[in-house]
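Heads up: the sequence shown begins at 1 in full-length UniProt numbering, then just goes up one per residue.
Only one structure is covered here, and it is reproduced in the block below.
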Amino acid sequence: MDEPMENPGFDEEEELDEFMDDDEDVLDEDDEWLMAPVTPPRATVTVSSTYEVGGPSTATSVGHTLTTMASRVATQPQMIDGLCVRMSTLEYRHGELVKKMVKVSDGKVANSITIGEIHSRVATVEEQVYVMESQAVQLIAVPRQDVIVGLSQQIQTLQMTLHGAELQNQQLRTRVAEMDSREGILMSYMLWMEERLTVLEKRLLGLPSGTQ
């Protein structure tokens with residue numbers, strides 16, 4: 001009995017097209033596909049070695065099939081080389097991506113440290129500003145109290161001075177009134193004296209010429 005030739009269900013062209021149709025985004029590729037073996041099983045050809053003497057050959061005609069299998073087997077090394085190159089490219093890109101992730105992680109850590117330092121500095125500055133504001137309020141409040149006390153003393157002094165001036169004014173008015181009354185008395189005396197002088201002059205003029 002002739003044994004039929006085994007042709008595994010592996011389509012090299014279809015697999016090659018699937019690999020070649022992948023885009024540049026290697027992050028979305030399936031890990032199982034990357035870990036799967038890429039070397040396809042070799043096709044086996046079994047030819048019957050049993051011949052019937054004097055009769056027709058029972059060997060299966062394999063001319064066309066052998067040619068097809070030979071061409072497919074010849075293309076397998078090229079496909080394997082392409083897969084190896086693509087795998088190397090993927091590994092290189094994966095390494096670069098890991099480096100970028102490390103850089104990003106380091107940058108995030110550095111930024112976190114910087115942000116923490118900035119927060120601590122801001123908190124320190126805010127505390128210093130609060131202390132300075134409280135000190136400024138105290139410094140402003142003390143002079144204001146001193147000024148208020150000084151002004152109060154000055155007001156009291158001015159009030160006392162004003163009260164003294166009013167007393168003096170009242171005394172002056174009293175003296176003026178007294179002087180006015182005295183002036184009236186003096187005026188009446190002067191008028192009386194003038195009248196007396198007039199009377200005396202008339203008496204002197206009315207005497208005889210011989211009288212000394």
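Virtual Cβ for every residue (Gly too), placed ideally from N, Cα, C.
inquiry  = Just to confirm my understanding: we take residue 168, look at its own chain, exclude 5 residues before and 5 after, and list those with CB closer than 6 Å. What are they?
reply    = None.
query = What's the gap between the Cα of residue 204 and the Cα of residue 197?
reply = Those two C-alpha atoms are separated by around 10 Å.
message = Quick check on DSSP: helix, strand or coil for residue 184?
response = DSSP, read as helix, strand or coil, puts residue 184 in helix.
message = Let me see if you follow: with CB-CB separation under 8 Å, is residue 82 close to chain B or not?
response = Looking at the structure shown, chain B is missing, and only one protein chain is on hand.
ask   = In whole angstroms, what is the alpha-carbon distance linking residue 82 and residue 95?
value = Each residue's Cα considered, the two are about 20 Å apart.
message = Rounding to the nearest angstrom, what Cα-Cα distance links residue 62 and residue 80 in this structure?
response = Caution is warranted here: a pLDDT of 46 is assigned to residue 62, below 50, making its placement in the model unreliable, and the coordinate value is therefore given only provisionally. Approximately 27 Å between the Cα atoms of the pair.
task = Return helix, strand or coil for residue 116, following the three-state DSSP convention.
result = Looking at residue 116 - three-state DSSP - the assignment turns out to be helix.
Simplified DSSP state of residue 206, which is helix, strand or coil = Here residue 206 sits in coil by DSSP.
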